[in-house]
Structure formats: structure tokens, C-alpha cells
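S.K.:
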Amino acid sequence: MEIAYIVSQYPARSETFIAREVKELLVQGNRLLIAPLRWSDTGEGIRVEGADVLGLQWNPFDWVLSLAWAATRRPRQVLQMGRDICTAPLFSGLWRRLLVLSLVSLALARELDDRSVDHLRAHFLDSEAIAAFWVSRLLGIPFSITVHTLSTRFPTPLLRHVAQATSFCAVSGNGTKRMMKGMANRQNRVGLIRNGVSLPSTVRSRAFPLVAPVWRLLAVGRLVEKKGFDTLLDACALLRDWGRPFRCDIIGDGPCRDRLTEHARRLRIERHVTFCGAQPNHEVYRALRQHDVLVAPCRLASDGDRDGLPTVLMEALSCGVPVVASAFAAIPELVTDGETGRLVPPNAPVALARTLRRLFDQPRHAFRMGREGREQVRRRFRLEQEVETLDARIRTPPRASTFGDFREQAYALD
């Protein structure tokens, strides 16, 4: 079976879970095609060996040819796309964004028309899913999506049309599952398929040294508001004021970097905090094995953006590294407070600092939480198991069976 993945850009640094899913689908005998809506400006990021990539740089000439192609072959579908675009206020920024996305989708459909693609896939209920919806309608190919959080960037009526047109809708957390069942209006077509990770063969022999001159904190993610890294910096200032020796490394880059760097300078914690920039995934794993705890103080951003379940939490626990994270979104589905990690309220630097202090005062308990977290990942978040469920769902006709059937079959094989 040939599966085309529509992604926002390629290569990308921050979507390691998509690369893992594609690689595992290749292992399970599928042919994979990656279709980016645009190419990365730097050309740097995660590349997937074994998958074909549409190496097209879209331009207005492509769009004109594709519009003519679609208008002559699929006029009704083109009119439907026009109605979809008009769910946004006419000539608004959102309307223009949808117009450009529709032209890119037409060009993508024209390219895929000559290929033997059996199924379209997209992650996020966002531009990727809208493009998959339009390409699916133009070519008559079934499509599916994985939803992590609900987008606030596009009109809700359009997103509802997308969800209702899927052959199935996978979600990565139970909270999102409840919301999507209402939006998709087909409860048996919405099911839980988590972003999984493979268990590394090497883990830390202990999560902490019993006597540590300096505690080593690690945070990983794009430097954006929803990650809550300013809360982490405030907590670091408290740890310094309490006389606790520590180092905090933050791996990632993004639009908030200058603001966070300035915030660290104002707090006078530059000696304690290092902004390491974006790193490839193998370097993230190396850093995890060299640090004592992974901190993820996620929160709701002012524009409504949020994380679902950050992949780095699974990566940390798979290495036996304990985590401290916000009790927010789908994080409590992975992190059970006091058993597989510690949970704190979002936007609460004092609670975060106190939790970190207690964690380092109890190194044996921290080690046990890392060990239990690894077992939790093995049982419920293992990549091979989750992709097996996904593969079975893709290979089944859209109206054949409910989601529960495939999850039961996949887990029976474990």
C-alpha cells in the first residue's frame, strides 16, 4: 500500500513523532511518500530514509496550471473548495491564507494524480488536514488524520467538515478524543492511537547520583509561549536563591528565544542556564542520558495554542529519566504523580521549584519513578504497537469496522 503524508514543511525539526510513524510504516511493508506544503527555509531537520519525497517548490505558474487542470476535470470539487474558503471573512488574512492553501492543494493533487497513492495521512487538525481533505475530494482517495489538539487558526465549520470526511480520525489523548467525537459526528470512527517511541537499549543506571555537586535539569522544545519556559526560568531563580547548585540546559529554538534570554539575564541566572539551540534527535537522547530530570512546564498560550502530550516526555521516560511536568492537556495520561513522575500546576514557578527541590532530596524515589515511567512507556506508548494499530486501520475499508476492533487485535499480539 502507498501512503502519502501531507506535512506542513519538510524537513522539520520539531515533529519527530511523524518521522517515527513513517519509518515504522515502512518497516511494516508500506510504501511512503512525503508531500510537504512547503520546504524548510534552512533545509535542516529530520529526513526519513526509504520514503519518497515530492521535491516540488510551488510557484504561481504551478497554481495556474493546477487550477485549470482541476476546473476542467473536477469543477464541482473546485466550487466546493471555494465555499470552504468563504467560511473565513472575505479578504481577511485568514481568507488569504486559505486561498493560498487551496492553490497549493490543487498543485499537490495534480502531482499525486499520476501516482498510485492508496491513502492520504496528515497530523494536526490544521493546514495539513485541510489540504488532505481537499486532495482527497479531488482524487477520490480516502484520508485520515491524527489530532493532538484542536486548532484555533481556521474556521470551526471548515474543521468540522474535515473531521466528518475522514475515513478515520486518530487522537493522541483521551481529552482530544472526547472533543473529536462531537466534531466528527461518528463516534466509532474516532479512536486512540498514541504517538509512541521505541525503547532504547541503553538507559541510565540511576536517575540521579546519590551525592551530586550540581543537579542537571533539561528542557526540550520549541521556544514558544505554550512550552512555559519562562516559568522554568523563574523556578531556576528560586533554586539559586535557596542555595541549590544546579545547571539547566534548554534545547530548542523559536521566536521567544530573545525574550527568554533577556528574562534569564534579568533574573541573573545566566551562569546556571544555557540555551543550546535546536539539536537533532540523537543529540536529544544523548542529553537525556546526561541529565537528572526532564522538565516540561507546558501551558495554554494566549492565542489558544497548547501541547497535547509532548513527545520528549515519552523519550525521557523511555531512557529511565524522571520528569516534572504540568498537570495539563494529555500529560497526566503518561505521568502519574508520584509514580512515573511529578505533576505541578501550569504557570506555578514556586510549585515547580519546590517539586524539583524535593525530587533531588529523594534520589532513590526519583530513580524508581524513572524506572516505572519506562515500564509505562513499554506498556502503553510503544511505537511498534501503536503503528500496528494504525496500519490495520489504514488497510481496512472506511466503513468496515469500529476503532476498538483494531486496538484489541493489535494489543492481543503484545
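Going by full-length UniProt numbering, the sequence shown opens with residue 1, and the numbers climb by one from there.
Cβ atoms here follow ideal geometry from the backbone N, Cα and C, with glycine treated the same way.
In this text the structure is predicted, and so the values were computed from the model without any measurement.
(1) Since residue 51 and residue 33 are thought to touch, with beta carbons under 8 Å apart, how far apart are those beta carbons, to the nearest angstrom?
(2) Please return the same chain residues whose Cβ sits closer than 6 Å to the Cβ of residue 222, not counting the five positions on each side in sequence.
(3) Is it true that the stretch 354-371 meets the stretch 225-245, where meeting means three or more beta-carbon pairs spaced less than 8 Å apart?
(4) By DSSP's criteria, residue 9 is part of a beta bridge. Which residues make up the other side?
(5) Thinking C-alpha only, which one of 249, 147, 394 and 315 is nearest residue 329?
(6) To the nearest angstrom, how far is it from the Cα of residue 211 to the Cα of residue 347?
(7) One question on the structure: do residue 173 and residue 373 come within less than 8 Å of each other, judged by their Cβ atoms?
(8) Please report how far the alpha carbon of residue 369 lies from the alpha carbon of residue 243, in whole angstroms.
(9) Distance, Cα to Cα, residue 397 vs residue 239?
(10) Thinking C-alpha only, which one of 6, 10 and 25 is nearest residue 385?
(11) Is residue 71 buried or exposed, if buried means 16 or more other CB atoms sit within 10 Å of its CB?
(12) To the nearest angstrom, report how far apart residue 87 and residue 152 are at their CA atoms.
(13) Around the Cβ of residue 59, are there at least 16 other Cβ atoms within 10 angstroms (buried) or fewer (exposed)?
(14) In chain order, what are the residue ranges of uninterrupted beta strand (DSSP E) at least 3 long that sit wholly in the UniProt domain "Glycosyl transferase family 1" (217-375)?
(15) Kindly confirm or deny that the stretch 262-271 and the stretch 295-313 touch, where touching means at least three C-beta pairs closer than 8 Å.
(16) What is the residue span of the alpha helix (DSSP H) that residue 394 lies within?
(17) Cβ atoms of residue 92 and residue 197: under 8 Å apart, would you say?
(18) Spell out the partners DSSP gives residue 62 in its beta bridges.
(19) Can you find at least 3 beta carbon pairs, one from the stretch 107-120 and one from the stretch 133-146, that sit closer than 8 Å?
M.R.: For this structure:
(1) By a beta-carbon distance limit of 8 Å, residue 51 contacts residue 33. Their separation comes to about 7 Å.
(2) 14, 252 and 254
(3) With the cut-off at 8 Å, the stretch 354-371 and the stretch 225-245 touch.
(4) 38
(5) 147
(6) With a pLDDT of 49 at residue 211, under the threshold of 50, the predicted position of this residue should be treated as unreliable, though the coordinate-derived value follows. Rounded to the nearest whole angstrom, the C-alpha separation of residue 211 and residue 347 is 30 Å.
(7) Taking 8 Å as the Cβ cut-off, residue 173 and residue 373 do not qualify as a contacting pair.
(8) 25 Å
(9) Straight-line spacing of the CA atoms in residue 397 and residue 239 works out to 56 Å.
(10) 25
(11) Classification of residue 71: exposed, given that the 10 Å Cβ count is below 16.
(12) A straight line joining the alpha-carbon of residue 87 with that of residue 152 spans about 14 Å.
(13) Exposed, by the Cβ-count rule.
(14) 246-251, 273-277, 293-296, 323-326 and 342-344
(15) Taking 8 Å as the limit for Cβ pairs, the verdict is that the stretch 295-313 does not touch the stretch 262-271.
(16) 383-394
(17) no
(18) Listed as beta-bridge partners of residue 62 by DSSP are no residues whatsoever.
(19) yes
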